[in-house]
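Going letter by letter, the sequence shown gives residues 3 to 224 in my numbering.
Think of the CB as a built atom: it goes at the ideal place given N, C-alpha and C, for glycine as much as any other residue.
Report on the structure given below.
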Amino acid sequence: MSSQALRPSAQRVDDIELLEADRHPLTVQQLRQLMGWTYGADGQLLADLWHGFNQTLWDGKLDPAPMWMPTCTDWGRWIGLYRGNHANQTLSIQVKWQLSEQARADILLHEMVHQALHEARQCTKHNAVPWCQEIMRLTQEIWGVQIWASPSEPRKVQGKSTRVQKPSPTGAESITRKQIASWPHGIGLHVPIQHYLGRIIDVEPEHDALSQRQMLLEAAHG
Ligand SMILES: [Zn+2]
Numbered sequence: 003m004s005s006q007a008l009r010p011s012a013q014r015v016d017d018i019e020l021l022e023a024d025r026h027p028l029t030v031q032q033l034r035q036l037m038g039w040t041y042g043a044d045g046q047l048l049a050d051l052w053h054g055f056n057q058t059l060w061d062g063k064l065d066p067a068p069m070w071m072p073t074c075t076d077w078g079r080w081i082g083l084y085r086g087n088h089a090n091q092t093l094s095i096q097v098k099w100q101l102s103e104q105a106r107a108d109i110l111l112h113e114m115v116h117q118a119l120h121e122a123r124q125c126t127k128h129n130a131v132p133w134c135q136e137i138m139r140l141t142q143e144i145w146g147v148q149i150w151a152s153p154s155e156p157r158k159v160q161g162k163s164t165r166v167q168k169p170s171p172t173g174a175e176s177i178t179r180k181q182i183a184s185w186p187h188g189i190g191l192h193v194p195i196q197h198y199l200g201r202i203i204d205v206e207p208e209h210d211a212l213s214q215r216q217m218l219l220e221a222a223h224g
C-alpha cells in the first residue's frame, strides 16, 4: 500500500479541518493526564486553560478532545488548527509549540471558538456571521471591550466589484477581515491566563499526570 493510500481524507473546510473519523469520549481528567504525559507542565497548563475557558465562557458545554503541540506545521501556514469530524465532534486542537505561554493561550481560545461553532453545527468560517458574533460576545465578556465585527461581502459599487463590511446599527465600523481571522491577538488582546486558571478542576494528587509519570519512571529504574 502506498503512503498515498494511507493518508486520511483530511479536508480544509470553513477554516477548520474535517476528517472522516470516529472518536471516543474523553473526560477532562483524562485530557489533563494525557497532556501532562505528553508535554509535562506546559501540557497540563493547556488542559487547565481549556477547562477554564469551557466552564467560564461556554458553560462547560464543549467536549474534551486531545490537544497537540507540534514543533512545526505544514509550510508554517498555521499556528493553531481545529480538527473535527462529520458528526460535528471535535477530534483535536493543535497549538504550535515554539510560542510563549501567552501566545498559546490566545491561540487555544481562538481554536475553541471553532470548536464551539462546529459542535453547535454552525458555520466555522472566520468570514461569517456566527464567528463574528461569537468574537464580539467573548471580547465583551473577557476584556469588557466592545467591538463590531462584520463579514466582508462582495458588492458592486458604481459598476466595480469591491468588498464591504456592514457598519454596526449605531454606525461603528467593523474591525478588518484580517483582524477577525486572527482574533484575539489580531486586535491586540491577550487572555488573562491566571483568571481562567482560577477555575481549574480538582484533580486528585494520585491522578496527577506528572506524579504518575514519576512513579512509572521510578518503577522502571527499580
Ligand atoms: Zn481560525
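Self-check item: As assigned by DSSP and simplified to three states, the class of residue 132
Solution: Locating residue 132 in the sequence shown gives position 130, counting from the first residue. The three-state reading of DSSP puts residue 132 in helix, counting H, G and I together.
Quiz item: Which word fits residue 86, buried or exposed, when buried means at least 16 other C-beta atoms lie within 10 angstroms of its C-beta?
Solution: Numbered from its first residue, the sequence shown carries residue 86 at position 84. By the 10 Å Cβ count, residue 86 comes out buried.
Quiz item: Looking at residue 97 and residue 78, is the spacing between their C-beta atoms short of 8 Å?
Solution: Position 76 of the sequence shown, counting from 1, holds the residue named residue 78. Position 95 of the sequence shown, counting from 1, holds the residue named residue 97. The Cβ-Cβ distance between residue 78 and residue 97 does not fall below 8 Å.
Self-check item: Nearest-angstrom Cα separation, counted from residue 169 out to residue 150
Solution: Position 148 of the sequence shown holds residue 150. Position 167 of the sequence shown holds residue 169. Approximately 8 Å, taken between the alpha carbons.
Self-check item: Selected residue, minimal CA-CA separation from residue 197, among 50, 136, 71 and 67
Solution: Against the sequence shown, residue 197 aligns to sequence position 195. Taking only the C-alpha atoms, the option nearest residue 197 is 50.
Self-check item: Cβ neighbours of residue 185 in the same chain (closer than 6 Å, five flanking residues each side left out)
Solution: One-based indexing of the sequence shown puts residue 185 at position 183. Cβ within range, chain order: 137.
Quiz item: How long is the line joining the alpha carbons of residue 60 and residue 135, rounded to whole angstroms?
Solution: Translated into the one-based positions of the sequence shown, residue 60 becomes position 58. Translated into the one-based positions of the sequence shown, residue 135 becomes position 133. So the two alpha carbons sit approximately 14 Å from each other.
Practice problem: Would you decide whether residue 193 is buried or exposed? Buried here means 16 or more other CB atoms lie within 10 Å of its CB. | Solution: Here residue 193 is taken as the residue at index 191 of the sequence shown, counted from 1. Sixteen is the threshold: when 16 or more other Cβ atoms of the shown chains lie within 10 Å of the Cβ of residue 193, as they do, the residue is buried.
Quiz prompt | Same chain, Cβ closer than 8 Å to residue 206, neighbours up to 5 away in sequence not counted | solution = Residue 206 sits at position 204 when you count from the first residue of the sequence shown. Note that residue 206 has pLDDT 47, beneath the 50 cutoff, so the model's placement of it is unreliable and the number below is only indicative. The answer is none, since no qualifying residue turns up.
Quiz item: From the DSSP output, which residues share a beta bridge with residue 92?
Solution: Indexing the sequence shown from 1 puts residue 92 at position 90. Bridge partners of residue 92: 86.
Quiz prompt | Nearest neighbour of residue 152, chosen from 158, 177, 100 and 70 [CA to CA] | solution = Position 150 of the sequence shown, counted from the first residue, corresponds to residue 152. Measuring from the Cα of residue 152, the nearest candidate turns out to be 177.
Practice problem: Pick helix, strand or coil for residue 211, following the three-state DSSP scheme. | Solution: Within the sequence shown, residue 211 is the residue found at index 209, counting from 1. No answer about residue 211 holds up, because its pLDDT of 49 lies below 50 and its placement is not dependable.
Quiz prompt | Distance, residue 90 Cα to residue 123 Cα | solution = Sequence index remark: in the sequence shown, residue 123 carries index 121 (1-based). Sequence index remark: in the sequence shown, residue 90 carries index 88 (1-based). Between residue 123 and residue 90, the C-alpha separation is close to 6 Å.
Practice problem: Please state if the CB of residue 21 and the CB of residue 93 are separated by a distance shorter than 8 Å. | Solution: As a first step, residue 93 must be located in the sequence shown, where it is residue number 91. As a first step, residue 21 must be located in the sequence shown, where it is residue number 19. Yes.
Practice problem: Report yes if the C-beta of residue 24 is less than 7 Å from at least one heavy atom of ligand 1; otherwise report no. | Solution: Residue numbering aside, residue 24 sits at position 22 when the sequence shown is read from its first letter. For ligand 1, not one heavy atom lies less than 7 Å from the Cβ of residue 24.
Quiz item: What span of residues does the alpha helix (DSSP H) with residue 59 cover, start to end?
Solution: The residue given as residue 59 occupies position 57 in the sequence shown. Here the alpha helix (DSSP H) through residue 59 covers 30 to 59.
Self-check item: Coarse secondary structure for residue 149, derived from DSSP in three states
Solution: Along the sequence shown, one-based indexing puts residue 149 at 147. It is coil, neither helix nor strand.
Quiz item: How long is the line joining the alpha carbons of residue 164 and residue 119, rounded to whole angstroms?
Solution: By 1-based counting over the sequence shown, the position of residue 164 is 162. By 1-based counting over the sequence shown, the position of residue 119 is 117. Their backbone Cα atoms lie some 28 Å apart in a straight line.
Quiz item: Tell me the DSSP bridge mates of residue 124?
Solution: What you label residue 124 is simply residue 122 of the sequence shown in a count that begins at 1. For residue 124, DSSP assigns no beta-bridge partner whatsoever.
Exercise. Tell me whether residue 128 counts as near ligand 1, meaning its Cβ is closer than 7 Å to at least one heavy atom of that ligand.
Key: For the purposes of this step, residue 128 is identified with residue 126 of the sequence shown, where counting begins at 1. Indeed, a heavy atom of ligand 1 lies less than 7 Å from the Cβ.
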